[in-house]
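Mapped onto the UniProt record's numbering, the consecutive letters of the sequence shown carry residue numbers 1 to 798.
Where a beta carbon is used, it is the ideal one built from N, C-alpha and C, also for glycine.
It should be emphasised that the depicted structure is a prediction, and the values quoted were computed from it without experimental measurement.
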Amino acid sequence: MGGDGGGGQEGLHTELDGGNHQAIEIFVFCCRDLQLDVPCSQKTKQPLPHAAMTHWQCRQLHSIASQHVNKRLLQQWRVLFLHMHTPPTTSRNLATAAASTRSSTRRALSSCSCKVDKRSTAPIVETTTAGTTTDAFHSSTESKRAAKRRIPLHITSQIDKSILSPQAISSAVTILSHLDAKETDLAWQVFEKLPRDSESSPGPRTIIQRLLASLRADIRNDPKNHHGMLNNRRLNSLLSYVRSTRLYLDENEFRIVLELLDRLDQLERAEVMLRTMGTYCNQPATERTYNKLAAAYLRRIKESNGQSQRYLNKLVALVRTLDQQNITPDVVTFNVLLTAYGRMGRLKDVEAVFCDMEKRGITPNDRTFNIALDISGKVKGGDVGDLERRLSNVVASVESGSSPDVIAYATIIRNAVLKRDMAAAERTLKAMVGKGILPNEYVYAHLVLGYAETGDIEKAHTVIQLMRKAPNALQPTAHLYGPLIQAYARTHEYKKAYQVLSEMMDQGIPANLTTYTILASMFVHSPTHEEPSKAIQVLRSLWKLTDDQEPLDRPALTLLIKAHGVAGARDLDWDPGWSLDEEPYEGEEEEEQQNELSRRELHALGVQQSYDAIAHPDHLAHTALLTAYARLKMPENAWQFWTTLKSKETVLNKFHYNALIMSLVQSVEWYPKAAQVFQEMVDEKMTPDIATFDLMIYGAYSAGDLEAVQRFWRMEERPRPKESTTTTTTDSTSSSSSSSPVPLIRSYYYALHAMVAGKDHQGAHDVFREFKSLSLSSMPASATLWTHFIHKLYHDLK
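Encoded structure:
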């Protein structure tokens with residue numbers, strides 16, 4: 001960069017030994033923006049920017065301009081270096097020195113003169129000796145007299161714009177210093193004060209890159225978007241600066257902006273930015289640009305619902321846009337499509353994507369194989385075309401391949417677990433270890449889950465103990481202990497469940513929300529009378545410990561709804577910390593009635609509060625709320641909630657209908673509504689199950705409608721014993737241990753009584769014959785009394 005370079009790169013390092021690295025970074029970016037080399041040697045000089053080379057044929061101008069721009073850059077570098085090591089009081093002198101440099105450059109350039117010979121098209125260049133050129137650099141009187149005309153003003157103005165002002169350099173140094181010191185807020189405060197007009201000298205692009213990287217780290221470390229408004233404002237400020245100063249982003253930086261907008265839940269704006277990409281980026285869009293937006297759509301496709309379908313449509317349209325823009329999709333694009341279709345259960349579309357990849361000659365990568373393995377675990381036969389064969393080939397290619405990765409093996413084991421084929425899972429594990437691939441936590445977690453689900457709980461416990469030993473030496477997490485604790489709780493081995501929980505805590509493994517939810521579930525289903533209140537206490541204590549918008553997840557809140565319903569039905573106390581204005585009552589009976597109503601109302605409030613806290617209630621939450629109102633004997637609340645669901649066009653299933661009917665049949669006044677709901681089930685082609693008929697027979701008998709009891713019993717839709725059904729009733733007198741669900745024993749009594757009262761002797765004999773076909777040994781003890789009533793009634797009939 002000229003003779004003033006101080007001996008090239010080596011001289012520069014010598015001169016700045018121990019200096020500030022930020023200044024070096026800014027200096028390098030200044031030179032890059034001017035298309036000049038960092039001082040290194042005299043052999044690698046770069047030309048001036050195009051705007052400054054209007055007089056290409058004037059060699060003297062080229063020589064003078066090059067030397068003075070280089071000289072001026074070094075002068076700015078010295079100013080910058082002095083600025084970082086000099087007290088603030090010298091800033092005015094630095095600005096004066098820079099201004100002096102600018103003036104000397106203009107004077108030097110003005111000394112050049114060009115003449116064109118009218119008889120020839122070739123220019124005649126007036127040259128000077130080396131000494132005269134030196135005098136021109138110092139604005140000597142002789143050079144001024146030799147100048148025939150001044151250099152056009154637009155040339156010098158372009159040079160001024162290409163070189164940073166002292167103010168821009170000072171601001172850049174301050175911003176980078178704050179970022180290096182982790183003083184992010186101060187860095188953004190300085191940046192937001194920078195001028196945004198095109199006339200001002202912008203700072204170097206390095207501050208944009210560093211601020212963008214800092215903002216990306218802040219947003220990634222804020223997954224719940226607590227500081228969303230602040231981060232969104234800073235991103236807007238950065239984009240405004242890019243747009244106004246024309247310091248364009250490159251394609252990689254633009255993709256980072258799309259990612260940040262996705263994380264800030266500004267997806268619509270990301271779509272607009274991609275359509276107007278030229279405003280912010282000086283490079284064209286590639287398939288990687290579109291893949292970034294495709295990944296944003298995929299993050300919002302979680303299950304088969306209307307919202308996910310909308311984003312799937314956007315994803316498909318985005319892939320079509322690639323073809324319209326003559327951009328070839330890559331394997332990442334198709335991997336996103338495969339994952340999206342797999343989540344939505346659209347297996348035919350999955351097959352079409354594989355076919356499209358084959359036609360385009362796109363080779364699947366490891367991620368494609370893993371996605372195919374994941375989808376193959378969800379294929380359960382049926383009309384899936386050629387997909388099952390294709391997926392089987394992919395699985396076979398992975399299993400027989402020379403280097404399947406740990407994810408491929410883990411997914412194969414997961415698929416075997418889903419099919420309850422633990423022998424296949426063990427074979428895959430053995431093959432995996434035989435090839436020197438150690439299992440990860442994902443593999444162990446699915447083995448524990450598989451053994452726990454198939455009833456081999458002790459083996460599941462052994463897996464957790466083995467993973468802690470060499471060569472794995474992995475530390476178990478609460479996610480691994482959770483299925484084991486739940487398996488013991490499901491088999492009512494509460495003592496062992498508590499022992500496993502204690503083992504986990506003794507190892508210093510903190511319990512997570514899933515662990516506490518399992519613990520609360522044990523309290524709810526425990527036969528001990530007071531346990532549901534403990535479940536409420538456990539879950540609500542977690543609610544108080546956090547300020548998150550959704551402190552408990554959907555399963556925990558759904559369980560809390562159930563706990564309130566069970567506790568309210570058992571008339572258990574619950575102190576929510578609310579003050580109730582109770583008026584005094586006279587007499588023990590009235591006081592006791594008031595206390596009962598107060599408890600029921602408190603649990604009803606807890607039920608509603610828990611449901612309202614669920615961000616996106618699912619069908620299990622709907623069922624839990626309706627069932628809780630049934631247990632609390634609040635049919636009006638259940639009917640109001642049902643009306644709300646219908647107004648929102650919620651997809652309803654038989655579990656919802658049964659829970660509502662359970663609320664309505666407990667009151668004679670609400671029985672007609674129950675009959676109306678039952679008829680709606682039949683009209684909607686939603687086949688009633690055993691629980692539905694048990695509830696309707698009970699409701700009709702309680703309302704004295706014996707004809708309806710006979711009608712319900714004779715309906716063809718009523719499941720008979722030994723029929724294959726999937727739904728069991730939740731009543732305590734149900735046969736939970738029989739091979740196939742059967743009606744409640746009390747329902748046989750109600751039906752027999754209705755037949756006898758209606759003098760339908762044949763009907764009575766049919767009811768008793770069906771009752772005798774049941775295996776009474778499998779009946780719970782609570783059915784004994786109903787059995788006695790049935791035998792007595794039938795004996796009287798004879």
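Pair within 7 Å by beta-carbon distance, residue i and residue j
i: residue 195; j: residue 172; result: no
i: residue 443; j: residue 460; result: no
i: residue 566; j: residue 532; result: yes
i: residue 349; j: residue 341; result: yes
i: residue 179; j: residue 216; result: no
i: residue 615; j: residue 626; result: no
i: residue 708; j: residue 658; result: no
i: residue 271; j: residue 292; result: no
i: residue 467; j: residue 450; result: no
i: residue 367; j: residue 326; result: no
i: residue 277; j: residue 285; result: yes
i: residue 512; j: residue 478; result: yes
i: residue 487; j: residue 557; result: no
i: residue 767; j: residue 797; result: no
i: residue 261; j: residue 280; result: no
i: residue 165; j: residue 184; result: no
i: residue 294; j: residue 318; result: yes
i: residue 747; j: residue 790; result: no
i: residue 484; j: residue 452; result: yes
i: residue 706; j: residue 662; result: no
Reduced DSSP secondary structure (H/G/I, E/B, other) of residue i
i: residue 797; result: helix
i: residue 249; result: strand
i: residue 788; result: helix
i: residue 51; result: Since pLDDT at residue 51 reaches only 38, below the 50 mark, its modelled position is unreliable, and the value read off the structure follows with that caveat. DSSP places residue 51 in helix when its eight states are reduced to three.
i: residue 668; result: coil
i: residue 165; result: coil
i: residue 653; result: coil
i: residue 606; result: helix
i: residue 91; result: In this predicted model, residue 91 has a pLDDT of only 39, less than 50, meaning its place in the structure is not dependable; the value taken from the coordinates is given anyway. Residue state, collapsed to three classes: helix.
i: residue 572; result: coil
i: residue 630; result: helix
i: residue 742; result: coil
i: residue 623; result: helix
i: residue 614; result: coil
i: residue 716; result: coil
First through last residue of the alpha helix (DSSP H) which encompasses residue i
i: residue 188; result: 184-192
i: residue 227; result: It is not in any alpha helix (DSSP H) - residue 227 carries neither H nor E in the DSSP assignment.
i: residue 636; result: 635-647
i: residue 766; result: 761-772
i: residue 459; result: 457-467
i: residue 219; result: 205-220
i: residue 828; result: Here the chain comprises residues numbered 1 to 798, so residue 828 is not present and cannot be evaluated.
i: residue 558; result: 554-569
i: residue 745; result: 745-757
i: residue 694; result: 690-702
Nearest residue (CA-CA) to residue i, options the options
i: residue 702; options: 496, 666 and 660; result: 666
i: residue 541; options: 762, 517 and 661; result: 517
i: residue 543; options: 228, 571, 426 and 610; result: 610
i: residue 781; options: 754, 744, 760 and 410; result: 744
i: residue 603; options: 620, 212, 619 and 629; result: 629
i: residue 750; options: 720, 700 and 784; result: 700
i: residue 268; options: 286, 278 and 296; result: 296
i: residue 506; options: 523, 475 and 600; result: 475
i: residue 413; options: 445, 720 and 387; result: 445
i: residue 420; options: 433, 438, 377 and 405; result: 377
i: residue 622; options: 606, 636, 234 and 642; result: 642
i: residue 219; options: 287, 235 and 314; result: 235
i: residue 681; options: 704, 652, 671 and 664; result: 652
i: residue 241; options: 225, 197 and 759; result: 197
Closer than 6 Å: residue i CB and nearest the ligand FMN heavy atom
i: residue 615; result: In the structure shown, the ligand FMN is absent, as is every other ligand, since no ligand is present at all.
is_contact[residue i, chain B] using C-beta, thresh 7 Å
i: residue 292; result: No chain B is part of this structure, which consists of one protein chain only.
### Task
Report the residue ranges of all alpha helix (DSSP H) runs contained in full by the segment 342-368; include only those spanning at least 4 residues, in chain order.
Whole alpha helix (DSSP H) segments, 4+ residues: 347-360.
### Message
Report the start-end ranges of each alpha helix (DSSP H) in the segment 275-325 that is 4 residues or longer and not cut off at the edges.
### Response
Taking only runs of at least 4 residues, the alpha helix (DSSP H) segments lying wholly in the segment 275-325 are 287-299 and 306-324.
### Message
Could you tell me which whole alpha helix (DSSP H) segments of length 4 or greater appear in the UniProt domain "PROP1-like PPR" (418-519)?
### Response
If you keep only unbroken alpha helix (DSSP H) runs of at least 4 residues inside the UniProt domain "PROP1-like PPR" (418-519), you get 422-434, 441-453, 457-467, 478-490 and 494-506.
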